[in-house]
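A.B. asks: Residue numbers (the numbering used here): 6 to 136.
Idealized CB from N, CA, C, for every residue including glycine.
These figures come from a predicted structure and were not determined experimentally.
Would you mind keeping the following structure in view while I ask a few things?
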Amino acid sequence: MTWNTPMERRDICKAAGQVHGCFFKQLDPAALQHQLVRWQVPVVAMMEIQRLIKEGKHYQLACIEYFKSIHPQSDGEGVGNSPMDFFRTSCRYHKDQAKGGSPIKDAEMSQAKSESPVKDAESPPQAVTEG
6 MTWNTPMERR DICKAAGQVH GCFFKQLDPA ALQHQLVRWQ VPVVAMMEIQ RLIKEGKHYQ
66 LACIEYFKSI HPQSDGEGVG NSPMDFFRTS CRYHKDQAKG GSPIKDAEMS QAKSESPVKD
126 AESPPQAVTE G
């Protein structure tokens with residue numbers, strides 16, 4: 006393989022220690038616990054995450070619990086459906102925190118999902134017509 010030859014999919018997926026998808030679903034319990042400790046998840050939240058996975062394979066609920074543990078006062082609404090939802094909700098949370106407000110709650114979340122990011126931007130300059 007040369008420096009510019011793309012890797013085969015089977016080679017990429019074999020990379021040790023990498024998770025492509027939901028790590029709550031893919032990691033074994035010991036590896037998950039180790040990762041949660043590394044991320045400094047509080048013990049109470051870690052125990053709840055492990056319980057949700059062990060007792061019912063509730064991966065989305067485990068994801069929400071993790072989100073709530075690292076985003077104090079958040080209800081985790083809209084988080085457990087995809088990594089992009091997690092990311093967007095986290096960005097909104099931190100943006101709101103930077104403004105000195107309270108975390109996004111259910112009603113605000115619904116409104117934030119329906120708004121386009123373009124609405125917050127300045128209006129584009131008006132075209133000048135010759136006349």
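#1: Is the segment 54-61 in contact with the segment 76-84, if contact means three or more CB pairs nearer than 8 Å?
#2: Between the C-alpha atoms of I54 and K104, what's the straight-line distance to the nearest angstrom?
#3: Do S74 and P34 count as a contact pair if the criterion is CB distance below 9 Å?
#4: Between D90 and Q65, what straight-line distance do the alpha-carbon atoms span, to the nearest angstrom?
#5: Between which two residues does the alpha helix (DSSP H) containing K73 stretch?
C.D. replies: A quick look at the data gives this:
#1: no
#2: 30 Å
#3: no
#4: 12 Å
#5: Y64 to I75
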